[in-house]
Every structure is written in structure tokens, then in C-alpha cells.
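Residue numbers (mature numbering (1 follows the signal peptide of the UniProt record, and there is no 0)): -22 to -1, 1 to 106.
Where a beta carbon is used, it is the ideal one built from N, C-alpha and C, also for glycine.
None of these values were measured; they are calculated from a predicted model.
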């Protein structure tokens, strides 16, 4: 692709997801996952923006933006239950109770989180 628009999303840091929290030695696992995701996202930033070999340098006609989805996702999860996923529901589940959960299961963010991310993607594309 020589011209056009490219929106690159960073990797999501799942180190605080219920799947990691419930694992043995979760503290070490959280740290390791967080470090690996941060390192990968730094490399991704260099691939996109490096002044010598980055995508911007190689394709100056390409409109490109790197979106750190971790900021968006963490903000979306602020008022939601992040300690347990919705799949571990109680017998007295109310029809709209899913809207209070950050995760559908041990790993996958809920529709509310995806919606916030989609809104930010649309905003970023409109600003290009």
C-alpha cells in the first residue's frame, strides 16, 4: 500500500484479566505478560515511526496512526467489574447485568469495552 490510511492498534495487555489473576503464581505472570506486551508495543511504535526504516519513511503518502488501545480499554473498564467474568454468573442474573462486566470470560473483553474501542477508532479515523 503506497497511499491511503492505516490505523495500527497496539497489543492489548491482558495481564490484569481474570484468566491471569486466577492462575498459579499470577503475580509473576502478570508482570511477565505486562513486560512482553510493553516491549512488543515499543517495537511496533518503532516499526511505524522510525525515521530511517519506519513505515512513514518508506511510504510518505500513507496516512498512518498508532493507537494505544490499552489506554482506551482501561478507561472503558473503570466502572466495570474487572475481577470476575460474566460467565461466572449467579442464579439471580438480571437482564442487563452483563453491562457491568469488563470481561465475557477469562480473557475476552465485553461488548461494552469493544464499543468504547470502536468509538475511539472511528474518532481516530475521522481525525486523520
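Residue i versus residue j - alpha carbon distance
i: residue 95; j: residue 35; result: 28 Å
i: residue 76; j: residue 60; result: 12 Å
i: residue -17; j: residue 41; result: 6 Å
i: residue 62; j: residue 91; result: 15 Å
i: residue 4; j: residue 14; result: 15 Å
i: residue 105; j: residue 33; result: 19 Å
i: residue 83; j: residue -21; result: 40 Å
i: residue 20; j: residue 12; result: 12 Å
i: residue 65; j: residue 31; result: 45 Å
i: residue 57; j: residue 93; result: 15 Å
i: residue 2; j: residue 9; result: 13 Å
i: residue 29; j: residue 73; result: 52 Å
Reference residue i, options the options, closest by Cα
i: residue 52; options: -20, -15, -8, -17; result: -8
i: residue 46; options: -2, 16, 73; result: 16
i: residue 102; options: 43, 31, 73, 85; result: 43
i: residue 85; options: -21, -2, 54, -17; result: -2
i: residue 81; options: 72, 54, 98, 73; result: 54
i: residue -19; options: 1, 72, 37; result: 37
Buried versus exposed call for residue i [16 or more other C-beta atoms within 10 Å across all chains shown]
i: residue -15; result: exposed
i: residue 88; result: buried
i: residue -6; result: buried
i: residue -13; result: buried
i: residue 50; result: buried
i: residue 98; result: buried
Beta-carbon separation (whole angstroms), residue i vs residue j, contact threshold 8 Å
i: residue 48; j: residue -11; result: 6 Å
Min CB distance residue i to chain D below 8 Å
i: residue -14; result: The structure shown contains no chain D; it holds only a single protein chain.
Segment contact flag, the region 74 to 89 with the region 15 to 31, C-beta cutoff 8 Å, min 3 pairs: With the cut-off at 8 Å, the region 74 to 89 and the region 15 to 31 do not touch.
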